[in-house]
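Residue numbers (our numbering): 15 to 182. Every residue, glycine too, gets a C-beta built ideally from N, C-alpha and C. Nothing here was measured: the structure is a model prediction, and the numbers come from that model. A quick write-up on the structure given underneath.
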């Protein structure tokens, strides 16, 4: 084995170590975000998955409501679970579900004024939380990080697909 090959292996080992560190950091962040989401949900008297559904609807709704399938895709969960939970949230008067004007087979889901008011009450706390979590990053750095994470997410989906069909 030549010196060049040893150096190359060392670089590969360093890349593998950096990848493992990244994965463990993501696991830690995921765990902390779950705890944060649970805290927000508790403040509204709902479950963490219900909180995430409300946040996804808030993010996706362009004023006409959003489909349950779009919410399920955003959260990477089964559409039947979204249907079940949105029915519960509707009973709590946090969501409105209406037949889609484009296709009567589908429902359009939107936040109610009650939900918007409850979420608005949390705005100051959410801003303080974001300042704590992202305090070391300016807007440009956070934008750069989001672009890199988006690329890693896309590549992770590809790697998962390749693994599932036996290409890796």
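Own chain residues within Cβ distance below 6 Å of residue i, not counting five before or after
i          : result
residue 37 : none
Residue i burial status per 10 Å Cβ neighbour count (16 or more: buried)
i           : result
residue 79  : buried
residue 109 : buried
residue 9   : In this structure the chain extends from 15 to 182, so residue 9 is not present and cannot be described.
residue 60  : buried
residue 77  : exposed
residue 149 : exposed
Where residue i falls: helix, strand or coil (DSSP)
i           : result
residue 112 : strand
residue 66  : helix
Residue i - containing alpha helix (DSSP H), residue span
i           : result
residue 154 : 153-178
residue 97  : 93-105
residue 118 : Here residue 118 belongs to no alpha helix (DSSP H), and DSSP marks it neither H nor E.
residue 83  : 82-89
Beta strand (DSSP E) segment containing residue i, residue limits
i           : result
residue 123 : 121-125
Neighbourhood of residue i by C-beta distance below 8 Å, restricted to the same chain and skipping five residues each side
i          : result
residue 73 : 88
Inter-residue Cα distance where the pair is residue i and residue j
i           : j           : result
residue 141 : residue 51  : 14 Å
residue 172 : residue 114 : 33 Å
residue 71  : residue 42  : 26 Å
residue 155 : residue 119 : 43 Å
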